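Peer 1: In terms of the working numbering, the sequence shown has 1088 at position 42, counting the first letter as 1, and numbering is strictly consecutive.
First, the structure itself, so that you have it in front of you.
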Amino acid sequence: MAAWANRWRMHGADAAEVKAKQGKLLEGTKPPPSEQAVINLLADAGIHDPIRFFASLFWDAWVARRD
1047 MAAWANRWRM HGADAAEVKA KQGKLLEGTK PPPSEQAVIN LLADAGIHDP IRFFASLFWD
1107 AWVARRD
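What follows is the structure, given as structure tokens:
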């Protein structure tokens, strides 16, 4: 979220506009609180050895194994 906020500020958004945009972005979504939370979710599903190989603002991509 910080990267999005920085991008919007660089394009002239004030604090109120940044807050409004963040609210709109999060509307209907619930991003995981941390990378460890994602790893825990994967482990609960029987998926192990996850490696995050891509991250861009709101999106991450992982490769992992499942027995």
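All C-beta atoms, glycine included, are put in the ideal place defined by N, C-alpha and C.
Given the structure is predicted, the values throughout are model-derived calculations rather than measurements.
1) DSSP on Asp1060, reduced to helix/strand/coil?
2) Report the option in His1057, Gly1069, Leu1088 whose CA atom is closest to the CA atom of Val1109.
3) Identify, in the order they occur along the chain, each residue of the same chain with its Cβ nearer than 8 Å to the Cβ of Ala1107, setting aside the five sequence neighbours on each side.
4) Which stretch, first to last residue, makes up the alpha helix (DSSP H) that contains Ala1110?
5) Please check the pair Arg1112 and Ile1093, which I expect to be a contact at CB under 8 Å, by giving their CB distance rounded to whole angstroms.
6) Are the Cβ atoms of Trp1054 and Glu1063 separated by less than 8 Å?
Peer 2: Reading from the atomic positions:
1) Taking the first residue of the sequence shown as position 1, residue 1060 is located at position 14. If DSSP states are grouped into helix, strand and coil, Asp1060 belongs with coil.
2) By 1-based counting over the sequence shown, the position of residue 1109 is 63. The shortest Cα separation from Val1109 among His1057, Gly1069, Leu1088 belongs to Leu1088.
3) On the sequence shown, residue 1107 is found 61 positions in, with the first residue counted as 1. Arg1098, Phe1099, Phe1100, Ala1101.
4) Your numbering for residue 1110 matches position 64 in the sequence shown. First-last for Ala1110: 1105 to 1112, but that is the beta strand (DSSP E), not the alpha helix (DSSP H).
5) Position 66 of the sequence shown, counted from the first residue, corresponds to residue 1112. Position 47 of the sequence shown, counted from the first residue, corresponds to residue 1093. Contact flag correct, Cβ pair sits at about 5 Å.
6) Here residue 1054 is taken as the residue at index 8 of the sequence shown, counted from 1. Here residue 1063 is taken as the residue at index 17 of the sequence shown, counted from 1. Yes; because the gap between Cβ atoms is below 8 Å, this pair is in contact.
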